[in-house]
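Below: one structure, written as structure tokens.
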Ligand SMILES: [Zn+2]
């Protein structure tokens, strides 16, 4: 069975990617991330097209799940890397800080 609706597609992608953030144990607030940055163009796509894009990235082996704080960190690292800075990973675990009181 191939996923048809956007919700199915999202669930399908999350299942395929292991259902958790690839950097920490977070299993909620997950977002798709292209391991090798491919530019921001897909962020302006409508949702359906964006998920088709993510599907193609999955098939190319260039997709991972990141929770919101990890995704923010990675985006920052990508920007720094582009400028030629050495990237140092945050040693502190953000999970403790991320509010779970919603
Ligand atoms: Zn995370």
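In the working numbering, the protein residues as written are 5 to 106. Beta carbons are placed, not taken as given, at the ideal position from N, Cα and C, and that holds for glycine.
Membership of residue 38 in the beta strand (DSSP E) is indicated by the continuous run 34–38. A buried status is given to residue 61, since no fewer than 16 other beta-carbon atoms sit within 10 Å of its beta-carbon.
Of the candidates 74, 41, 30, 41 places its Cα closest to the Cα of residue 85.
The bridge partners DSSP lists for residue 68 are 37. Close CB contacts of residue 58 within its chain, under the 7 Å cut and outside five residues either way in sequence, are with 17, 36, 67 (chain order). Within 7 Å of the C-beta of residue 30 there is at least one heavy atom belonging to ligand 1.
The C-beta of residue 80 has fewer than 16 other C-beta atoms within 10 Å across all chains shown, which makes the residue exposed.
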